[in-house]
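Residue numbers (the numbering used here), protein chains in the order written: chain A, 33 to 383; chain B, 33 to 383.
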């Protein structure tokens, strides 16, 4: 039901390059460990890229947008038409991720994998099996074929980035209602009670959150996917096209040896899906930020992940990953550009 | 005893520009608050710079270096000659801050305010009252005149940056033994027990930390500066020339309406000194990172400060401030570059 390539083993990071990078860090003119997580990130990236001098200059951003039938159930503070309006805003350069990508020199591709848009839009790639998902409070969100299509759309998006020769890739999402789909997937996969994972999304109050949790709990029960369900069944029942596309994109990127800088809650749920489908993609994931969205901490914990920054962000759109990117670039610059004790004729620790 | 200008009132941030910046944030195409601390930083900077469109492009870094007589007491994992060796490494571009400043396009000035160096060095400004401080375990570290000189050296360094028209300034430090001086100052000013504030510095073990705390406790008792002492007396007793220079620089920068992006433990202690000497400089301080050095959390708390990043850094050299700078730049880019709901024709929240 899911495409075969989903199961293909991802390559392993280079342990030889990890060792060499660790040895270099011990020689740079600073107390060992004094650059903390900047050292760790540089070493990790050296292992993933299998190079002596890691880099993060070429970091294309792919944003996947989709709409959600569940939005009809009042689970978002914004109306569904905002998704398509935001597509124009991405293409026009006024959205947060457009500003960030421009500032950072990152190419930005926006893929409509399932919004309600009828017409093609300038600057937006359209690659969708249908307009929006079905309302999962009344029927399964997607057919198995639509799930498979979204995986393929993710892989096609990755293939289109190869011209950029990425040092790493960033995936992001936009879609009114998609924290509800993401929370439903996470509640099924972790598993945990919906109320534990449901957050405010774009700005729900306590009543709204309670309704959202109830909608999710009822749907998981109705579709019979709240315990031990196959991942593909969960995705068909409550999935979102942009979330599934990102899961496919993550696996496809890892299969190409491209590190993936994971954004916030929704991308982390896509990462959880990817790791459950193909655990060999896990080493290729770097985690950028800890979102203010409630469920993110649980998903990060399930993935054994530690985020770099924690700035109370809860926008999505890959904005957290983009914000963390300069830190990774500086980690590389330090690893590659600092002098060693010998080069600088600086004394080491006293015996 | 301290120069008179230390007491001159710093200007207040512009509340009108803060209000305008808050109003703009509410109009940008994102749920209000969804960019978390990036919104706060942009608003804060707009108020400090008294502009509609804040910026952080022009961010000169001034590094103050000094040596410490207390290093003779085995309080550092590195020998004192490392301070002067590192001056060469700063000038030669191989030190962490040199790499970071280059990557970020920040001008870097290194000021020897009191190292053991005998000779001037290419690329280093020399502005010092003496070579190193005295060993404060046996005598006061500095005379009142030397303390005043270091304050003036800080102010002179600030004046030299005016050609850069700074959006903000970053101060940093280097000096073997200076976490001991900083911890002693903090223990006296907060006040707290030396053992609460003493950390590993460049890499002491538990025995080393205990020795360091004992050295500090004995010195504060010997010099009678452990309760209610005047700040200037604390500085003369256990101060470091680079720490005092930074305190002077912070006040001088705030008096010019330049926001100061504060680095880690030692710069934060300098900030604490500055705020105790002249509380009107406090609004001009932005806090970049939470250091792995033990006492930093206490000093941040005393200053009512919340750092932006927490990456287990403990190098000094302004490396934490430099690492946080791109986040501030992105916060400005978002504030200045995002479209409003009206401009992008995006619907707001449902009523």
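Where a beta carbon is used, it is the ideal one built from N, C-alpha and C, also for glycine. Source: prediction; values computed, not measured.
Exercise for the section: Just the chain B side, please: which residues come within less than 8 Å of residue 59/A by C-beta, in chain order? Expected result: Those do not exist, as residue 59/A stays about 12 Å from chain B at its closest Cβ, beyond 8 Å.
On a CA-only basis, which of 177/B, 66/B, 297/B and 284/B is nearest residue 311/B? Give me that one, please.
284/B
query: With which residues is residue 141/B paired in a DSSP beta bridge?
result: 94/B
**Request:** Following the continuous alpha helix (DSSP H) through residue 118/A, name the residue where it begins and the one where it ends.
**Result:** 113–124
Applying a beta-carbon distance threshold of less than 8 Å, which residues of chain B neighbour residue 117/A?
376, 377, 378 and 379
Taking the DSSP output, what are the residues bridged to residue 100/A?
Paired residue(s): none; residue 100/A is not in a bridge.
**Request:** Could you check the C-alpha separation between residue 175/B and residue 169/B for me, to the nearest Å?
**Result:** 15 Å
- Query: From which residue to which residue does the beta strand (DSSP E) around residue 153/A run?
  - Reply: Per DSSP, residue 153/A belongs to no beta strand (DSSP E) and is neither H nor E.
What is the DSSP secondary structure of residue 206/B, counted as helix, strand or coil?
strand
Do you know how far the Cα of residue 316/A is from the Cα of residue 286/A? 6 Å
In chain A, which residues lie with their C-beta within 9 Å of the C-beta of residue 234/B? 62, 63, 66 and 381
(request) Could you tell me which residues DSSP pairs with residue 372/B in its beta bridges? (result) 60/B
### Message
Tell me the DSSP secondary structure of residue 146/B in three-state form.
### Response
strand
Exercise. In chain A, which residues lie with their C-beta within 7 Å of the C-beta of residue 126/B?
Worked result: 61, 370, 371, 375 and 376
Per-residue contacts from residue 346/B into chain A (C-beta, under 9 Å): 63, 65, 66, 67 and 68
Checklist entry - Under a three-way DSSP split, which group does residue 73/A fall into? => result helix
Short of 9 Å Cβ to Cβ, which residues in the region 132–153 of chain A face chain B? 132, 134, 135 and 136
- Query: So what's residue 168/B in DSSP terms, helix, strand or just coil?
  - Reply: coil
Could you spell out where the beta strand (DSSP E) holding residue 305/B opens and where it closes?
Here residue 305/B belongs to no beta strand (DSSP E); instead the alpha helix (DSSP H) covers 297–309.
From 278/A, 260/A and 252/A, pick the residue whose C-alpha is nearest to that of residue 270/A; which is it? 252/A
(Q) When you compare the CB of residue 114/B with every CB in chain A, is at least one pair closer than 8 Å? (A) yes
Quick check on DSSP: helix, strand or coil for residue 345/B? coil
Any idea what DSSP makes of residue 80/A, helix, strand or coil? helix
Return helix, strand or coil for residue 318/A, following the three-state DSSP convention.
strand
Within 8 Å (strictly less), CB to CB, does residue 366/B reach chain A?
yes
Practice item. Determine the chain B residues that contact residue 120/A at a beta-carbon separation under 9 Å, and present them in chain order. Key: 376, 377 and 378
query: Contact between the region 91–105 of chain A and the region 128–147 of chain A: three or more CB pairs below 8 Å?
result: yes
Check: Once you ignore the five residues that flank residue 247/A on each side, which residues in its own chain have a CB closer than 8 Å to its CB?
Finding: 102, 105, 107, 169 and 212
- For residue 206/B, count neighbouring C-beta atoms within 10 Å of its own C-beta (all shown protein chains included) and say buried if the count is 16 or more, exposed if not. buried
Alpha carbon of residue 230/A to alpha carbon of residue 307/A, nearest angstrom:
21 Å
Residues in the same chain with beta-carbon distance under 7 Å from residue 303/A, minus the five sequence neighbours each way, listed in chain order, please.
282, 294, 317 and 335
| message | Distance cutoff 8 Å, beta carbons only. Does residue 197/A sit that close to anything in chain B? | response | no
DSSP beta-bridge partners for residue 201/A? 292/A
Selection from 369/B, 126/B, 180/B and 80/B that minimises the alpha carbon distance to residue 198/B: 80/B
Does any residue of chain A have a CB that is nearer than 8 Å to the CB of residue 282/B? no
### Query
Within this structure, are the beta carbons of residue 117/A and residue 377/B separated by less than 8 Å?
yes
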